[in-house]
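Enquirer: The structure is given below, and queries will be raised subsequently.
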């Protein structure tokens, strides 16, 4: 067998790490995507919670076009005024004092993990290296990020496990209390899990986490890459819990509205160990990314946008509960928070995603046999009604398929 004939080599020369749906899109507008043939699909995936303002949002398009005619890249050897402007917006709206800009959520997580360990090293406690994560978590695909989450599917085959990463059952506060000890550096958690099946951490648990970290001298890291930037109806998901602010927070996805932008936010106290030369990025915070990030932040952080998310989330949840009542043989549970919605299924979730695509509806997969609804934050109520109708048609298709076998 020649190399060209080998089944592991993709015919299109792309590394075969994706199980792609048999669709390609040429353009998008708002909550819809269009194929080259002109077929329209209602998008309840939003690039995995990334195109938060929908496709081709005019304010983002203008920001990109205006900046593209001026300057794309200079590197962090020089001041980048856009970084200062976006960092000012982020710190004014959150717990944070400082921001490090990245190109992705994974890079933001890497920065957070390094920052947590460096904090304890700088304070004379180099033994504090352990980072505690939780079952079902997803923090990205880099080597440290996959070990922080601990999903065997992402770590197997890549050599020995990195030391200093501990995983605990989701929601087990007793196990967490027992695990936090003298070598613990930080706890990392998604206030609402995305890949893990749209599971929201109860607000009381987030408050308990903050208290535990304060008592034991441990840093609290929130991964709000998917659940942040307005997705739950507040600018960041942890804001639903009183007195539960983190020391460090990772943000990305909707921060760039589809353009690669990430950020690691921190208090001055948590970031004190990160001195000149301890971290860096060639592309992170480039002028193009900052221009789009500023436009996206300004639009998402508007009170009217966040109120619309809360209203639309209530509409979706009510409609989905109705579907669950009518199709108890298909839908087992409705979960999540805001517009990070999980629908736990009885049939296989991947098969259901294909049936939804047959109705020209795009949804995301998720753990625990869920599909996720991650519509653009600007989706209209009429479009949400259309999405619910398409989901009902997919449920009918499940029943028809079961009846035929």
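Residue numbers (our numbering): -4 to 400.
Ideal Cβ positions, reconstructed from N, Cα and C, are used throughout, including at glycine.
Remember, predicted model here, so these are calculated numbers, not experimental data.
#1: For residue 168, does the three-state DSSP call read helix, strand or coil?
#2: Determine the closest residue to residue 388 out of 296, 273, 249 and 352, with distance taken between C-alpha atoms.
#3: By the DSSP assignment, the beta strand (DSSP E) with residue 244 in it spans what residues?
#4: If you count every other CB in all the chains shown that lies within 10 Å of the CB of residue 112, and 16 or more means buried, which is it?
#5: Just how far apart, CA to CA, sit residue 144 and residue 349?
#6: Just mark residue 8 as buried or exposed, buried being the case when its beta carbon has 16 or more other beta carbons within 10 Å.
#7: Could you give the distance in angstroms between the alpha-carbon of residue 153 and the alpha-carbon of residue 117?
#8: Give, in chain order, every unbroken run of the alpha helix (DSSP H) that is at least 4 residues long and sits entirely within the region 77 to 144.
#9: Looking only at DSSP bridge pairs, what is residue 305 linked to?
#10: Taking the alpha-carbon of residue 219 as reference, which of 374, 364 and 185 has the nearest alpha-carbon?
#11: Residue range of the beta strand (DSSP E) that residue 326 falls in?
#12: Please report the distance separating the alpha-carbon of residue 86 from that of residue 269.
#13: Nearest to residue 329 by alpha carbon, out of 193, 251 and 276?
#14: Enumerated in chain order, which unbroken segments of the alpha helix (DSSP H) with a length of 4 residues or greater are wholly contained in the region 227 to 282?
#15: Between 266, 124 and 162, which has its C-alpha nearest residue 142's C-alpha?
#16: If you measure between the beta carbons of residue 195 and residue 360, is that distance less than 9 Å?
Expert: Result, derived from the coordinates:
#1: Looking at residue 168 - three-state DSSP - the assignment turns out to be helix.
#2: Distance check between residue 388 and each of 296, 273, 249 and 352 places 352 closest, using alpha-carbon atoms only.
#3: DSSP places residue 244 in the uninterrupted beta strand (DSSP E) bounded by 243 to 246.
#4: With 16 or more Cβ atoms within 10 Å of its Cβ, residue 112 is classed as buried.
#5: Rounded to whole angstroms, residue 144 to residue 349 spans 28 Å at the Cα level.
#6: So residue 8 ends up on the exposed side.
#7: Their Cα atoms are separated by approximately 31 Å.
#8: As far as the region 77 to 144 is concerned, its whole alpha helix (DSSP H) runs of at least 4 residues are 100 to 117 and 138 to 144.
#9: Beta-bridge pairing links residue 305 to no other residue.
#10: With distances taken between Cα atoms, residue 219 lies closest to 185.
#11: From DSSP, the beta strand (DSSP E) with residue 326 extends over 326 to 332.
#12: If you take the alpha carbons of residue 86 and residue 269, they lie about 18 Å apart.
#13: Of 193, 251 and 276, the residue nearest in Cα terms is 193.
#14: Within the region 227 to 282, no complete alpha helix (DSSP H) run reaches 4 residues.
#15: Measuring from the Cα of residue 142, the nearest candidate turns out to be 162.
#16: Contact flag unset, no.
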